[in-house]
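Student: Would you mind keeping the following structure in view while I ask a few things?
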Amino acid sequence: MNLKKCLRAPDVCRGVVLAASDEKIVDAKALVGRYGLGCEPASAATIVGLKHLRADGVVEAGERVACVLTGHILKNPDVTVNYHKENQDPFSNPPAEAPNDLEEIIRLIKS
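Take 1401 as the starting number for the sequence shown in this note's numbering and just add one per residue.
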């Protein structure tokens, strides 16, 4: 990637660049997952950025915004699994573990 072009892009596109903590990124990834979509952890940073821009009034309520979520949901699967095992926040969805038994797996899916 060409560093000069990357650094010029926010000016040309009238954009902004923000930093996002890992904690906020995995929370945003879990929020995306709550609605049946998926992305890699790093692309969830777009959601963190949008929340920040909404809070600062840069993006107004009712405006249409597109957040591009790239990368496959299974990229960095340990990040996702550990997030849901270790966190007890509103976005966590702890996994149900099952033995290698089809009937037991079906029972867990139905419950």
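Think of the CB as a built atom: it goes at the ideal place given N, C-alpha and C, for glycine as much as any other residue.
Shortest alpha-carbon distance to residue 1494 belongs to which of 1500, 1505, 1482 and 1501?
Tutor: The shortest Cα separation from residue 1494 among 1500, 1505, 1482 and 1501 belongs to 1482.
Student: Hey, would you say residue 1440 sits closer than 8 Å to residue 1472, going by beta carbons?
Tutor: It is a contact, given that the beta carbons lie within the stated cut-off.
Student: Does the separation of the CB atoms of residue 1432 and residue 1444 fall below 8 Å?
Tutor: Contact flag set, yes.
Student: Apply the 10 Å Cβ neighbour rule to residue 1430 and answer buried if 16 or more other Cβ atoms are within range, or exposed otherwise.
Tutor: It counts as buried.
Student: For residue 1404, which residues from the same chain have a beta carbon less than 6 Å from its beta carbon, with the 5 sequence-adjacent residues on both sides left out?
Tutor: Excluding positions up to five away in sequence, the list is empty.
Student: Our contact map puts residue 1504 next to residue 1496 with C-beta atoms below 8 Å; I'd like the distance itself, whole angstroms only.
Tutor: Going by Cβ atoms, the distance from residue 1504 to residue 1496 rounds to 10 Å, so no, they are not a contact pair.
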